[in-house]
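Q: Which chain is which? The protein sequence lines are A and B, in order. At position 224 of the first sequence the residue is numbered 204 (the working numbering), and the sequence of numbers has no breaks. At position 24 of the second sequence the residue is numbered 280 (the working numbering), and the sequence of numbers has no breaks. We put the CB at the ideal spot given by N, CA and C, even for glycine. This one's a predicted model, so the numbers in the text were calculated from it and none came from an experiment. Provided herewith is a single structure, encoded as structure tokens, for subsequent inquiry.
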Amino acid sequence: MRYVHLYFTCIKRSMISRLEYKKDTVVALFSFFFSNLCSLAAVYFILQAIPALAGYTLAEVGFFYGFSMLPISLDHLFSDEFWLVAYRRVKDGDMDMHFLRPVPVIFQIFAETFQPEGFGEMILGVALIAVCAGQLTVSLTVGALVVLCVGAVFGAVIITSLKVAIAALAFIFKRSGPLLQIIYNFSNYAKYPLAIYPFFIRTLLIFVLPFGLFISLPVDTLLTGAHDPWLLSLAIIGAAAVFFALALWIWTRCERRYESTGS
Amino acid sequence: MLKKYKPFLRAGAIDTMAYRFNILIWAGITVCEVACLVFLWLAVYRSGAGGMDAQIHGFSYREMISYVVLTTIFNFVTFNNDTLWNINTDIKKGTIGNYLIKPISYRGKFSATCLGSLLTMTVMFGLPFYTAALVTLGSLGFLPELSFPAFFAHLGLFLLAGLCAALLNDAISYIFGVLCFYTSSGWGLNSLKVTLISFLSGTLLPLAFFPAGLRELVSWMPFAGMSQNPILILMMKYDLAASLRCVALSAVWIVVLELLAKLLFSHAVRKVTVQGG
Chain A
-19 MRYVHLYFTC IKRSMISRLE YKKDTVVALF SFFFSNLCSL AAVYFILQAI
31 PALAGYTLAE VGFFYGFSML PISLDHLFSD EFWLVAYRRV KDGDMDMHFL
81 RPVPVIFQIF AETFQPEGFG EMILGVALIA VCAGQLTVSL TVGALVVLCV
131 GAVFGAVIIT SLKVAIAALA FIFKRSGPLL QIIYNFSNYA KYPLAIYPFF
181 IRTLLIFVLP FGLFISLPVD TLLTGAHDPW LLSLAIIGAA AVFFALALWI
231 WTRCERRYES TGS
Chain B
257 MLKKYKPFLR AGAIDTMAYR FNILIWAGIT VCEVACLVFL WLAVYRSGAG
307 GMDAQIHGFS YREMISYVVL TTIFNFVTFN NDTLWNINTD IKKGTIGNYL
357 IKPISYRGKF SATCLGSLLT MTVMFGLPFY TAALVTLGSL GFLPELSFPA
407 FFAHLGLFLL AGLCAALLND AISYIFGVLC FYTSSGWGLN SLKVTLISFL
457 SGTLLPLAFF PAGLRELVSW MPFAGMSQNP ILILMMKYDL AASLRCVALS
507 AVWIVVLELL AKLLFSHAVR KVTVQGG
């Protein structure tokens, strides 16, 4: 309870300090819409050149894309500060203050920023889903709905866990931002049906960097009924639990290695 | 005259070396990422109306795979640029004041650092990666076989185009960095810059896929010279005359952007507020 109160106090403070850079916030919002527009345009241009991608129509591929934005935006809302930890804060020795406070460091990092841009991403995703779903003729079953919700929420947990674990490596290597960026980029390849990939990439995207597990497979369940929704839901929740536990373990081990820059 | 920038050239090189472990991990995972991209494109070609061997927008699947592989190496080697962030930090921490009173140009410092980093990356990673990629792609028959003189002419022009690309990237980063004088924070500007470059330079997909009007417009902008054109020169998809034109266009843009940067900086520097220090 104390932590809930503390979280909201911190977030309020971070929002106030954010408002100090109004112009930057406007630029950030614009660039965020622009970047989503560009990636969507790229997918659209490619699909314009071919009749369908491995049997999936433009509307179906759009649905994959829109759905992928839900877990990504949820993660974006809460854990943006870890990017800074991975890229600069450890390298600059900027973390000292967190180690002096009587609250777990990892909690403080979560409470450092709340990114309202995530809502924009979520709205864009929902809009894209709605537009594409309008052109599809699939019947929405209870199972499919459940697995989509599970994929969005627990998918976000998995993304956050990956982020925490890799950001923690910065305590050892000083800078893990580029690595985090690359791992994060793999989510781009889960925005398509996994059927287009050969076996080893499917394995990678389901078991190692499981973006495909919570993005492609749930959408496939809805579009083609290829997987059992309940079993898949269980698998996603299980994976989320494992990744979260691993991330916490890695973080606690790595944070002991932090050294201040002494400047 | 240029001697005083030598320390920054060196610093750029050393700074790049310091993170070579990160760079190795990066290289390992990037191989997986390129594999994903390659199979994505293979799926696109397999789904094409004319079958696997048809061309899409003038690219066969062999050329597209070469393009993807070489673009990835190119971006890695050429764009190792912290200019925007360093300016942002100088503004935020007030260290910009130190540079304004020193007898070197603030702009020159970044160009020198950028060149040092480019040199290190090209020798340490570019040389082995490009060689491996060209040998592999070439022996698979994915690249055309020209005579030795033609190949080396293309290679020379490619290196020149790569140098232009790094300078263009540094100039654009610098301009966006100077814009931080007005916004006081670099987050939004940086992500705008990254998106702009990756979409308009042909990194995301070749400009041939764009609708005709947009394609024509973008081909006159500086961005195509930052990724697509150098790669198509290396792939020998452009003949020598077209390659020369690309390099010339980039060179003109470097001059234009540097002038723009100079104007912008002289306006922005009056806005400097050194925050405490």
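1. Could you check the C-alpha separation between residue 86 of chain A and residue 157 of chain A for me, to the nearest Å?
2. Can you give me the Cβ contacts of residue 2 of chain A inside the same chain, cut-off strictly under 7 Å, excluding the 5 residues immediately before and after it?
3. Cα separation between residue 479 of chain B and residue 328 of chain B?
4. At a Cβ threshold of 8 Å, is residue 39 of chain A touching chain B?
5. With a threshold of 7 Å on Cβ separation, who are the neighbours of residue 199 of chain A within its own chain once the five nearest residues in sequence on each side are excluded?
6. Does the distance from the CB of residue 244 of chain A to the CB of residue 212 of chain A come in under 8 Å?
7. If you check the beta carbons only, do residue 95 of chain A and residue 56 of chain A fall under 8 Å apart?
8. Going by CA-CA distance only, name the one from A/129, A/27, A/12 and A/159 that's closest to residue 444 of chain B.
9. Under 7 Å between beta-carbons, which chain A residues line up against residue 461 of chain B? List them in chain order, please.
10. Of the residues A/-16, A/170, A/-2 and A/-18, which one's Cα is nearest the Cα of residue 51 of chain A?
11. Based on the DSSP output, what are the partners of residue 569 of chain B in its beta bridges?
12. Determine the direct distance from the alpha carbon of residue 80 of chain A to that of residue 232 of chain A, and round the result to whole angstroms.
13. Could you list which residues in chain D have their beta carbon closer than 7 Å to that of residue 143 of chain A, in chain order?
14. Does DSSP put residue 461 of chain B in a helix, in a strand, or in coil?
15. Short of 7 Å Cβ to Cβ, which residues in the stretch 342 to 360 of chain B face chain A?
16. Could you name the residues that DSSP lists as bridge partners for residue 36 of chain A?
17. Can residue 490 of chain B and residue 326 of chain B be called in contact, C-beta distance under 8 Å?
18. Hey, quick one: how far does the alpha helix (DSSP H) through residue 209 of chain A stretch, first residue to last?
19. Just to confirm, are residue 194 of chain A and residue 105 of chain A a CB contact at a threshold of 8 Å?
20. Would residue 137 of chain A and residue 220 of chain A qualify as a contact pair, given that the criterion is a beta-carbon distance under 8 Å?
21. Once DSSP output is grouped into helix, strand and coil, what is the label at residue 240 of chain A?
22. Classify residue 240 of chain A as buried or exposed, calling it buried when 16 or more other Cβ atoms lie within 10 Å of its own Cβ.
23. Would you say residue 4 of chain A lies against chain B (beta-carbon separation less than 8 Å)?
24. For a contact meaning CB atoms closer than 8 Å, what does residue 313 of chain B contact in chain A?
25. Residue 405 of chain B: buried (16+ other C-beta within 10 angstroms of its C-beta) or exposed?
26. Below 8 Å, can you find three or more Cβ-Cβ pairs linking the stretch 420 to 431 of chain B to the stretch 493 to 509 of chain B?
27. Residues of the stretch 438 to 459 of chain B with a CB closer than 9 Å to any CB of chain A: list them in chain order, please.
28. Smallest Cα separation from residue 58 of chain A: which of A/234, A/98 and A/185?
A: Once the coordinates are examined:
1. 17 Å
2. none
3. 16 Å
4. no
5. 43, 44 and 47
6. Look at the range of chain A in this structure, -19 to 243, and you will see that residue 244 of chain A is not part of it.
7. yes
8. A/12
9. Those are 22, 25 and 26, listed as they occur along chain A.
10. A/170
11. The structure shown does not extend to residue 569 of chain B, since chain B is modelled only from 257 through 533, so no value can be given for it.
12. 16 Å
13. No chain D appears in the structure shown, which is made up of the protein chains A and B.
14. coil
15. none
16. Its beta-bridge partners are A/33.
17. yes
18. 209 to 235
19. no
20. yes
21. coil
22. Only exposed fits residue 240 of chain A, as fewer than 16 other CB atoms lie within 10 angstroms of its CB.
23. Yes, contact with chain B.
24. Ordered by position in chain A, the residues that pass the 8 Å Cβ test against residue 313 of chain B are 29.
25. exposed
26. yes
27. 438, 439, 440, 441, 442, 443, 444, 445, 446, 447, 448, 449, 450, 451, 452, 454, 455 and 456
28. Out of A/234, A/98 and A/185, the CA that lies nearest to the CA of residue 58 of chain A is found in A/98.
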